[in-house]
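In what follows, a single structure is set out as structure tokens and then discussed.
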């Protein structure tokens, strides 16, 4: 974790992921997160599906262990949740059902359209 923070602070790419064996990745780091009065050395944004509860719980436990190992580092974690996607755009795979979400106007919502269903 120390090497990752050092690389990010220096503006260098993170070339090696920590050895925690979870299928997640660091998407974006930021200098300001949540509010103006919080300060982090590193912010990790984790993209996760809604059904990925176990993976998020395991990652939280991993981060707690890392915090205990390096208490002087202030690392923030943000989970970006969404439906598992089958393809880009507005198609999502929800437990084998392919769903198309029409439009993006929240003031004029339309029902999602079921495109296909797995047997």
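Numbering (our numbering), first residue to last: 209 to 327.
Ideal Cβ positions, reconstructed from N, Cα and C, are used throughout, including at glycine.
About 11 Å separates the beta carbons of residue 213 and residue 252, which is beyond the 8 Å limit, so they are not a contact pair. With respect to the 9 Å criterion, residue 216 and residue 254 are not classified as neighbours on the basis of their beta carbons.
With a cutoff of 9 Å on beta-carbon distance, residue 256 and residue 264 are scored as near each other.
With a contact defined as Cβ atoms closer than 8 Å, residue 210 and residue 288 miss out at about 25 Å. In the displayed model, residue 258 falls within coil according to three-state DSSP, outside both helix and strand. With fewer than 16 other CB atoms across the displayed protein chains lying within 10 angstroms of its CB, residue 220 is exposed. Residue 249 and residue 270 have their C-alpha atoms spaced approximately 17 Å apart.
When only Cα atoms are considered, residue 258 and residue 266 end up about 15 Å apart.
Put simply, the backbone Cα of residue 218 is about 25 Å away from that of residue 272.
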